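Below is one structure; the comments refer to it alone.
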Amino acid sequence: MATFSYKFTDRQTGKQRTGWLGVYNPETFTVEDARSKAYGLKGLGAKALAESFRDQKANKAKRGKTVAEIIEERIDWMKTPVKKPDGEMRPRLEAWENTASHLRRFLGARLGKTRLGSVSYWVSNRSRHMICAGRRRPWPGI
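Below is the structure:
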């Protein structure tokens with residue numbers, strides 16, 4: 000899978016920035032499409048382009064949480080003390096350290112920075128098989 004991006008220098012910060020143009024698909028997004036989009040962005044000017052990418056980043060942050068954030072919320076929920084039937088206050092899930100370790104090692108390492116909305120059924124299903132099998136890769140080559 001090939002992706003197209005556009006690099007430019009943000010004059011406000013003085014840093015090089017990269018803008019994502021799209022993923023190559025012979026039917027919907029070709030090299031010519033990427034070139035025309037890049038020329039269109041070049042015509043905007045660096046200031047407007049940087050502002051546009053800052054807006055995109057802010058909108059992306061508003062769209063949802065990452066998988067890593069959700070994992071940490073789940074771990075906090077598991078280790079919250081609750082009153083057990085014997086009257087003692089203990090963590091909701093008493094083996095929460097093991098579960099937290101599995102979540103961080105298997106899901107966090109693979110999907111941690113991914114937004115939850117972009118995780119597909121197949122990715123989550125592979126991850127479930129991976130956790131059940133107790134290994135980092137559910138099948139060879141993945």
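Here the sequence shown is numbered in numbering that gives the first Met the number 0, starting from 0 and rising by one per residue.
For every residue, glycine included, the Cβ atom is placed at its ideal position computed from N, Cα and C.
Nothing here was measured: the structure is a model prediction, and the numbers come from that model.
Which residues in the same chain as residue i place their Cβ atom closer than 8 Å to its Cβ, once the five residues preceding and following it in sequence are excluded?
i	result
GLN15	LYS6, PHE7, THR8, ASP9
GLY13	none
ASP32	GLY21
Classify residue i: buried if its beta carbon has 16 or more other beta carbons within 10 angstroms, exposed otherwise.
i	result
ALA1	exposed
VAL22	exposed
LEU43	exposed
GLY144	Nothing about residue 144 can be read from this structure; the chain reaches only from 0 to 141.
ALA47	exposed
Taking the DSSP output, what are the residues bridged to residue i?
i	result
TRP19	SER4
ASP9	LYS14
PRO90	PRO80
How far does the alpha helix (DSSP H) with residue i in it reach, from first residue to last?
i	result
LYS82	Where LYS82 is concerned, there is no enclosing alpha helix (DSSP H), although the beta strand (DSSP E) it sits in stretches over 80–82.
ARG34	30–43
ALA99	95–101
Please report the distance separating the alpha-carbon of residue i from that of residue j.
i	j	result
VAL66	PHE28	29 Å
ALA49	GLU71	32 Å
GLY140	GLY107	Legend: pLDDT at GLY140 = 48, less than 50; position of this residue unreliable, value from coordinates given subsequently. Near 19 Å, if we compare the C-alpha coordinates of GLY107 and GLY140.
TYR38	ASN24	19 Å
GLU26	GLN55	26 Å
ARG73	ARG34	44 Å
LYS82	LEU20	53 Å
In chain order, what residues of the same chain have a beta carbon less than 6 Å from the beta carbon of residue i, not counting five sequence neighbours either side?
i	result
THR17	SER4, LYS6
Quick one: what's got a C-beta closer than 7 Å to residue i's C-beta in the same chain, skipping five residues either side?
i	result
THR98	MET77, LEU92
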